Amino acid sequence: MGFTFIVGTTSIFLLVIYQSFGQITTDRHKNQQQHQKQQLNRIMLSPNRVPHWKVENNINRGPFYGQPEQVHLSYASDPAKLWVTWLTFDDTLDSLVVWGDQYSQLTRKTPATVDYFVDGGTEKTKRYTHRALIEGLKPGQRYFYRVGSQFGWSSIFSFVGLKERPNGGYKYAVFGDMGNINARSLGKLQREAQEGDFDMILHVGDLAYNLDTEQGQFGDEFMRQIEPISAYVPYMTVVGNHEYNYNFSHYINRFTMPNSENQNLFYSFDLGPAHFIAFSTEFYFWPNYYRFESLAAQWHWLIRDLEKANLNRHQVPWIITMGHRPMYCSDFSGDDCTRYDSIVRTGLPLVHAFGLEKLFFKYGVDLEIWAHEHTFERMYPVYNRTVYNGSVENPYVDPPAPVHIISGSAGCQENTDTFIAHPGPWSAFRSSNYGFSRMHIFNSTHLYFEQTIAANETIEDHFWLVKNRHGPYDWTDRKRLFRHGTYVPHNYCHHPSQCDKKWDYLSWFFNPYVGYTDDFGQIYSNTMHTVHDSFVIFGLSTIYIIFSAILCWQTYTMSSSHQTYQPSWTQKMTFLQVIIISLVNSIACVIYVSMQFVRISKIYIIVGTYAWLFSSGCPPLVYLLLNKRIRNDCANFGRAIFHFLRNDHNNSVPNGQIAMAWMAPNYAGNNANNRNNNNNNVQQ
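Taking mature numbering (1 follows the signal peptide of the UniProt record, and there is no 0), I'd label the letters of the sequence shown as residues -22 to -1, 1 to 662.
In structure tokens, the structure reads:
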């Protein structure tokens, strides 16, 4: 109970520190953060506004830049509805979508709302975002549309109302990290989108590299480049680390996702047999932008959304999550996914709060899609670093854990990442070729996934994920996973250069984090240390049991002859001394032995370390606090030294008399006190 209290108190303290760090950083950049805070919420313009060009009643005045551009569609959580979003560089006052089911008859009109945002760069460029919701769409019907106002119109684009394909389900393009420089997959995606090969695009973070670069011009160019895709097919996005500048303002204001109250940062939607959840991994890494409140808000939203989705699994069985930074990977980049205690996987450091792996396992997530690593990597089903690799049966048929996919090699100027020499056991297939993924969810049981090389459109990997039963993973899944799975320990070597590192007992003793830091090369395994600590554990326990038995027996014997006998204060203090000293040593030894056989959280290592260090100073401290004789002896010795130092050196007594001066007070005075002290000595 006491140990649980320590852990809980420490967790609260560290959460406060995490939150305070965000506040400190915010205060440090107060002026910049005030501007960033303004950009977090969209600034909606009133329909009754008077733009700058209409202040004067002059028919020859108008907006300087009224031409619409960067047109893109997004799903509105209903197959009969789509959002149309575009951008202008001036306020056109009125804007709308005109559309219809014939190219030459765009008779329907849908007005748009308008908001604006200011780029955080030196030029403070202002952009106006127009959003219109088209409703009443029929499945499979082709519609034509254009956007704009009297001051400029776009080209005529088209789209098809969402409808299940003849062979079932919907098809998706899946990728991340494309950018507008070296966007190697762009041409293939443009062609396939216009040919109707996709029903939806899933861009899992890191869009333009970056949306805000050069006063936002990189973002403008990226949006123009994807227009041949996004103007024809709903383009769904996930926020990544390259969108973080200016409080994610470009990402928030340029796109329109479902659940817009969350500023596009986390949302969910159903399409056919699948429930998609998009969330921000950046809350875990940017406390100066999004402090504890934002992370907690997303966490509770995820719980509510997953609970709701599980209640509806009889109609929408698949649950697929999309986040930018992965939990597992085989890259040699030092990213979070290469660490044993991945923040995304296990939560905030030490306290492990808001860890996503347990949450997704608890609610039965089927597929987890990631990017960030500039590679493609397909994982075996994995949970808590235990890999279900198909040694007994097909790992992708009713897997007992979620399947992870990294698809982050669509392009960008940073090139592809380098893999480590030997992949982790969770890695089933990996590739550093530029490319993108295709996913086809046929029905409630079958999902097909493939990876295409951008250079030659060769399919380099594919697999079927078959789930005959959807829902939270239960004890039978855990049993299969741990019986037939492979556990990857904390000291697993991710690179041969790190496997050669050895640490002796002394290096470990003075650095208790060896083997429990993010450097996988720090390996701790010491047989003699284990034997020693085991001996201490059993030895202390045995001594304590014997001591307790003797004390109880003496108490019983004396009580039988003295009916009113009560243990003396000295006996109680002696008993307490043994308990404290034994407990401190035992805690440290139990933790140190356990850590070589099972996974131990860092917070337990900290407790063990301080318990071990405290055990060296614990006995003297306990004696001084609880043993009256030792306390008096120390006080008398101190007084003797003090008087000796005060005496003139020439008149000082011989050194041998210091001991007499120290001992004298113990034997002078009342004889009764001397006898009591002697009795205390015997009992102790």
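For every residue, glycine included, the Cβ atom is placed at its ideal position computed from N, Cα and C. Bear in mind that the values here come from a model prediction, so they are computed numbers and not experimental data.
Three or more beta-carbon pairs separated by less than 8 Å are not found between the stretch 179 to 186 and the stretch 241 to 250, which leaves the two stretches without contact. In the structure shown, PHE129 adopts coil according to DSSP, grouped into three states. For SER82, the number of other beta carbons within 10 angstroms of its own is below 16, and it is reported as exposed.
Judged by their CB atoms, TYR148 and ILE321 are not nearer to each other than the 8 Å cut-off. DSSP places THR454 inside the alpha helix (DSSP H), whose first and last residues are 453 to 462. By the criterion of a C-beta distance shorter than 6 Å, MET201 is surrounded in its chain by GLN48, once the five residues flanking it on both sides are discounted.
Each residue's CA atom was taken as its position, placing ASN145 and LEU273 some 40 Å apart.
Here DSSP, grouped into helix, strand and coil, assigns ARG169 to helix.
For the 8 Å CB-CB criterion, LEU189 and HIS253 do not form a contact. The three-state secondary structure of TRP264, taken from DSSP, is coil. Taken in chain order, the whole beta strand (DSSP E) runs of length 3 or more contained in the stretch 270 to 328 are 296 to 300. Between MET178 and VAL211 the beta-carbon gap is near 6 Å, inside 8 Å, which marks them as a contact. Look at GLN83 here: in three-state DSSP terms it is strand. Counting only the Cα atoms, SER410 lies some 33 Å from PRO236. Burial of SER163 is indicated by the presence of at least 16 other C-beta atoms within 10 angstroms of its C-beta. Here ARG408 carries a strand assignment [DSSP, helix/strand/coil]. Annotation: the stretch 177 to 264 contains the following complete segments of the alpha helix (DSSP H) (minimum length 4 residues), in chain order: 191 to 208, 223 to 232. Ranked by how close their Cα comes to the Cα of ASP314, the residues LEU111, HIS350, HIS220 have HIS350 in first place. Less than 8 Å separates the beta-carbon of LEU180 from that of MET300.
Looking at the DSSP output, VAL365 shares a beta bridge with VAL360, THR464.
For ARG105, the uninterrupted beta strand (DSSP E) segment begins and ends at 104 to 112. With respect to the 8 Å criterion, ALA90 and ARG105 are not classified as neighbours on the basis of their beta carbons.
Residue pairing from DSSP places ALA151 in a beta bridge opposite ILE179, ARG416. In the three-state scheme derived from DSSP, where H, G and I count as helix and E and B as strand, ILE583 is classed as helix.
Beta-bridge partners of THR66 (DSSP): TYR106.
The Cβ atoms of MET417 and VAL381 lie no closer than 8 Å to each other. Pairing VAL33 with ASN26, the inter-Cα distance amounts to about 13 Å. ASP72 and ILE21 have their C-alpha atoms roughly 16 Å apart. The C-alpha of HIS292 lies about 28 Å from the C-alpha of VAL365.
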